[in-house]
């Protein structure tokens, strides 16, 4: 997005544009602990409403990029150190089913949107290219458990927008109907405070800890086919790590095999 301003002609919502602009400042200007401009100042600077500013800050807080302190303001969060994990490439639906549970999804969004910068980078697209966005509230055994936002290149599954995803496994659908052979992926897990909107969806209090899982998957052809962010209830989620001392041929370092519980 050119310039440090809101593009009034862009189909991308104002809050998403503002989030991207603030992410850019967090990456290049604001050090950890720096106080961000106040809500009123951001409204005036970018010509948007307070609702837009709060939604953008909610998203940044949910992703652990900023910390909001009551009565003090919003501060740039310290960047977290990445840890390398090797994990079986299974979907949440498959994990729950394998343990004898039941998973149902409430589909909150299922449409084409312009790809945000971060999503475009993960999927090998240009910023603003069409991307399928699926937002689902996942219920395990009748209780809200995970809020997931999944992005797919439209060419991967051309009919995905017409699919009923309330009970289907997305990975199963990609493999069995669209012929996508999933091969490998990367996943990163971090603890973040729940924003107001995420807390409401998961029946938590704002600021309660949630586990944020970032994931990107590739197929056997080397194409990136899926990127998602999944917010797990911290009080109902556990990630089991199975360790085996097996050295990676690429790095010579021991590898960890991880499965989700």
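Residue numbers (my numbering): 776 to 1036.
Note that beta-carbon positions come from the ideal geometry of N, C-alpha and C, so glycine has one too.
Check                                                                                                                                                                                   : Outcome
Return the chain-ordered list of same chain residues with a C-beta closer than 7 angstroms to the C-beta of residue 971, the five sequence neighbours on each side being excluded.      : 833, 981
Helix, strand or coil: how does DSSP classify residue 925 here?                                                                                                                         : strand
Among 1010, 887, 816, which has the Cα closest to the Cα of residue 937?                                                                                                                : 887
Going along the chain, which residues of its own chain have a beta-carbon closer than 6 angstroms to the beta-carbon of residue 818, five neighbours each way excluded?                 : 825, 828
Go ahead and pull the three-state DSSP assignment for residue 780.                                                                                                                      : coil
If contact is defined by three or more beta carbon pairs under 8 angstroms, each pair taking one atom from either stretch, is the stretch 987-1006 in contact with the stretch 884-902? : yes
Do you know how far the Cα of residue 848 is from the Cα of residue 911?                                                                                                                : 31 angstroms
Go ahead and label residue 952 buried or exposed: buried means 16 or more other beta carbons lie within 10 angstroms of its beta carbon, across all protein chains shown.               : exposed
Excluding the five sequence neighbours on either side, which residues of its own chain have a C-beta within less than 6 angstroms of the C-beta of residue 904, listed in chain order?  : 890
How about residue 990 and residue 1003: are their beta carbons less than 8 angstroms apart?                                                                                             : yes
Should residue 804 go down as buried or exposed, given a rule of 16 or more other Cβ atoms within 10 Å for buried?                                                                      : exposed
What's the C-alpha gap between residue 802 and residue 784?                                                                                                                             : 25 angstroms
I'd like the span of the alpha helix (DSSP H) that includes residue 994, first residue to last.                                                                                         : From DSSP, residue 994 is part of no alpha helix (DSSP H) but of the beta strand (DSSP E) over 984-994.
How many Å lie between residue 950 and residue 957 at the Cα?                                                                                                                           : 7 angstroms
With 16 as the cutoff for other CB atoms within 10 Å, does residue 779 come out buried or exposed?                                                                                      : exposed
Based on the DSSP secondary-structure assignment, which residues constitute the bridge partners of residue 884?                                                                         : 910
Quick check on residue 978: does DSSP put it in helix, strand or coil?                                                                                                                  : coil
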